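Single-structure report; data block below.
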Amino acid sequence: MKNSSYDRAMTVLFYLFTAIFALACLYPFLLVIASSVTDESALLRDGYRLFPNAFSGAAYKAILTTATIPKAYLVTIFITVVGTALSLIVTSMAAYSLSGGRLYYGPHIAMFFYFTMLFSGGMVSSYILTTKYLHLQNSIWVYILPALLSPWNLFLMRNFFNDIPKELFESAKLEGAGETRVLRSIVLPLSLPALATIGLFYALGYWSSWAPAMLYIDNPDLYSLQYIIMQIIRNVDMAQNIAVEGSQSTAAVAPAYTVRLATAMVTVGPIIFLYPFLQRYFVGGLKVGAIKG
Amino acid sequence: MRTATIKHRGLRDLITNRYLYMLAVPAILFSIVFAYLPMIGIVIAFQDFNPIMGIWRSEWIGLQNFKFFFQGQDWIIITTNTVLFNVLFIITGTTLALTLAIMLTELGKNMGVRVIQSVMILPNFISWPIVGLFSVAFFTADTGIINQLLANMGWDEIQFYTEAKWWPLILVLFNLWKTAGFGAIVYMAAIVGIDKEMYEAARIDGASRFQSIFRITLPMLRSTITMLFLLSLGNIFGGNLDMIYSLVGDNSFLTNRTDTIDTYVFRSLRTTGSFGMTQAIALFQSLVGFLLVISANKLAGKIDKDSALF
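Residue numbers (our numbering), protein chains in the order written: chain A, 14 to 306; chain C, 488 to 797.
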C-alpha cells in the first residue's frame, strides 16, 4: 500500500477520538460510584472524588433498611415488566398487520398512527382526560397505559417484519394457519433482534418514568424510583430522612448526600446489567426506514 | 365466493383480510384514547376552562388566552430557548454521532472497538433524573468537580445554580454525552448496509480512506441523515422536558435561559392551574411543529425522493 503511514496515523487518530469520548461517557459513573461509597464527612470536606480518602457503606445500608427505596423498586419493576410486555404485544400485532403492504387500507392506518407523532393535543388535555374522564390518578396504570403504544417503535418493527420473506408465511397460511398463528410461530421467532431492541426501548421508557408520578400520584406507595430521584435532587431533606431513619443514629453524620448518590446507583443497576446482553441485537434491530415502507 | 361479488375493493379487502385488520385494532384503540381524544381538548385553549364544568360547559372566550400569552415576554423567551436548544442539539448531535460512526466503522471489528462501542452507548440507558444527580456532582458549589478544579487552579468559584449563562452550554454537553453514542450506532447500522463492493472498487482505483469516506460513506448516508433530521425537526418545538426538568427543575435563577415551552407548560399545569392559557401555549407549540415538519418533508421530497418521510 502506498500510503500506509498516512493510514496508520488516521487509525491512531480515530482510536484516540473515540476512546476519549468513551472515557467521557464512563467518567460520571465512576465518579458517582466512588462518591457513593465515600464517608459522608469526607465527601462534604473534600468534595466529589474519583479516589476518596475515606470509605463507608453507610448510605447503601441506609437505603436498604428504609422502606422507601425497596417499595419504589417494586413499583418500577411492575411498571417495566408489565408495561413492556403489553407494549410488545400491541405493537407487534399492529406491525404485523401493516407489514408487507397486504392491506388495502394499510397506508391509511399507517398515516393514522404517524399523525400522532406529528401533532398532539398537549399536556393539558392529556391531564384532564387522565384525571377527569379516565380517573387514572393514584393508579399504577397511569405509568403504563398512556405510554403503551409508541408509533415510532411500531414503524421500526413494521420495517423489520417487511424484510421477512413473504413466502414463509404464505405457505403456512396455505396449510391452514391463521394470522395470529403465523405471527406467533413464524414472524416473532424470526424477529428476535427487533423484539429485543424495541423491547429495550419500551423498558427504558417505563423504567425512567417520573412525570406521571409528579402529575398524578399522591400516594407515596406508588412512587416510581425515578420520581424519588427527582425529589432527592431537589430536596436534600428527603435524602436526610432516609439517611436518619436508615442509619439508626449510630453514625456521627447522617449520610444524606451519599444516600442521594447510592440511590442513583441502585436505580441504574438493572438496566446496566441488561444491556450487554441485548446490545448485539442493536445493529440488526435498528432499521430506521421511512414511514411509507 | 361471496366476497368476490362485492364490487368495492376496500370493502372486499376488509372482509377477506379481516383477521389481519383485527390485529391492528388494539393499537388503534390506544391511539384513539391517548392521542386522538386529547386533541378534542384543544378547544380548552379557547375557553375559560373550569375543571368542574368540564370541556362541554366551560365558558368560551375566543382568543383571550392567546392574547394574554402573546402580550407578555414569556413566549419570546421560551420559544427562543426551545428552538435554540433543539437546533444546537441537532447540529452537534448529528456531527458527533456521524464522526463516531465513521471512525468506528473504519477501525473495523476488534476488541478495542467493541469496548468503546459498549461504553459509549451506556449513557443512553441512564434516565435523565439520574443524569441530573450526576450533574450535581459536577456543578455544585465547593464540592463539585468543576469548582474543585477551578479552586486548584486558583480561579474563582462559579455558582452554576444561580448563573444562568452557563446552562445552554451545559445542556448541549449533557445532550451529547447521553445521545451521541447511541446515535452513532444508528448510523453504523446504516453504514453496514452500504455495498462493500463500492469500497473495494474505490480502493482498486487508488482512493484513499479519506476519499472513500467523503465520496461513498457520506453520500450513501444522505437519506438516513435527512430522515433523522426531519424527524428531529418535527420535534424542534418539543421542549426536552425530561432533560431540562431533571437538570434544572424549577430553579427560578436559571429559567430565563433554560425554560422551554414544555417546561413552562409543565410548571403552569402544576402550579397555576390556568388550564386555558396553558393549553393555548401547547396548541401554538403543536401547530408550529406540525407545519414545520410538513414543509420540511415537502422540501426533502423535492430534493431527494428517498429522503421524504411520507
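Ideal Cβ placement from N, Cα and C applies to all residues, glycine included. Note that the structure is a prediction, hence the values are computed from the model and not measured.
- At a cut-off of 8 Å between beta carbons, residue 176 of chain A makes no contact with chain C.
- When rounded, the separation of the alpha-carbon atoms in residue 731 of chain C and residue 747 of chain C is 8 Å.
- Contact annotation: the region 762 to 772 of chain C touches the region 517 to 536 of chain C, with at least three C-beta pairs closer than 8 Å.
- For the pair residue 658 of chain C and residue 572 of chain C, the CB atoms are nearer than the 8 Å cut-off.
- Not a single C-beta of chain A is nearer than 8 Å to the C-beta of residue 570 of chain C.
- Residues 212 of the same chain have their beta carbon placed closer than 6 Å to that of residue 101 of chain A, with the five preceding and five following residues left out of the count.
- Residue 68 of chain A is bridged by DSSP to A/51.
- According to the DSSP assignment, residue 655 of chain C belongs to the alpha helix (DSSP H) that extends over 654 to 679.
- From the listed residues A/25, A/186 and A/122, the smallest Cα separation to residue 594 of chain C is found for A/25.
- In chain order, 573 and 776 place their CB closer than 8 Å to the CB of residue 722 of chain C, counting only its own chain and leaving out the 5 sequence neighbours on each side.
- Using a CB distance cut-off of 8 Å, residue 610 of chain C counts as an interface residue toward chain A.
- In the DSSP assignment, residue 247 of chain A falls within the unbroken alpha helix (DSSP H) covering 238 to 247.
- The contact set of residue 632 of chain C on chain A, defined by CB atoms closer than 8 Å, consists of 44, 60 and 61 in chain order.
- Around the C-beta of residue 759 of chain C, fewer than 16 other C-beta atoms lie within 10 Å, and the residue is accordingly described as exposed.
- The shortest CA-to-CA distance from residue 710 of chain C to any of C/631, C/698, C/788 and C/517 is the one to C/788.
- Check the Cα spacing between residue 214 of chain A and each of C/783, C/612, C/782 and C/754: the tightest is with C/612.
- Taking the CA atoms as reference points, residue 127 of chain A sits about 51 Å from residue 53 of chain A.
- Contact of residue 706 of chain C with chain A is not assigned, every C-beta pair being separated by 8 Å or more.
- DSSP, reduced to helix, strand and coil, places residue 562 of chain C within a helical segment of the structure shown.
- Secondary structure of residue 534 of chain C (DSSP, three-state): strand.
- For residue 27 of chain A, the chain C residues whose C-beta falls within less than 7 Å of its own C-beta are 590, 593 and 594, listed in chain order.
- Taking 8 Å as the threshold, the shortest C-beta distance from residue 115 of chain A to chain C falls below it.
- Residues of the region 210 to 221 of chain A with a C-beta atom less than 8 Å from some C-beta of chain C are 217, 220 and 221, listed in chain order.
- Sequence-distant partners of residue 28 of chain A (beyond 5 residues in either direction) whose C-beta falls short of 6 Å from its own C-beta are missing from its chain.
- Burial check for residue 239 of chain A: the Cβ neighbour count within 10 Å reaches 16 or more, so the residue is buried.
- Looking only at A/287, A/282 and A/242, the smallest Cα-Cα distance to residue 270 of chain A is reached by A/242.
- Rounded to the nearest angstrom, the Cβ distance from residue 624 of chain C to residue 95 of chain A is 33 Å, too far for a contact under 8 Å.
- Residue range 505 to 518 is occupied by the alpha helix (DSSP H) that includes residue 516 of chain C.
- Residue nearest to residue 542 of chain C within the set C/602, C/528 and C/550 is C/528 (criterion: CA-CA distance).
- Looking only at A/161, A/40, A/192 and A/203, the smallest Cα-Cα distance to residue 218 of chain A is reached by A/161.
- Taking a Cβ-Cβ cut-off of 7 Å, the neighbours of residue 48 of chain A in chain C comprise 624, given in sequence order.
- In its chain, beyond the 5 residues on either side, 47, 48, 50, 51, 52, 55, 56 and 59 have a beta carbon closer than 8 Å to the beta carbon of residue 65 of chain A.
- Counting every other CB atom within 10 Å of its CB across the protein chains shown gives residue 168 of chain A a total of 16 or more, marking it as buried.
- Neighbours of residue 664 of chain C in chain A, taken as residues at a C-beta separation under 7 Å, are given in chain order as 37 and 38.
- Within 9 Å of the CB of residue 20 of chain A, the CB atoms of chain C belong to 695 and 696, in sequence order along the chain.
- The beta carbon of residue 179 of chain A sits closer than 7 Å to the beta carbons of 113 from its chain, once the five residues preceding and following it are set aside; these are given in chain order.
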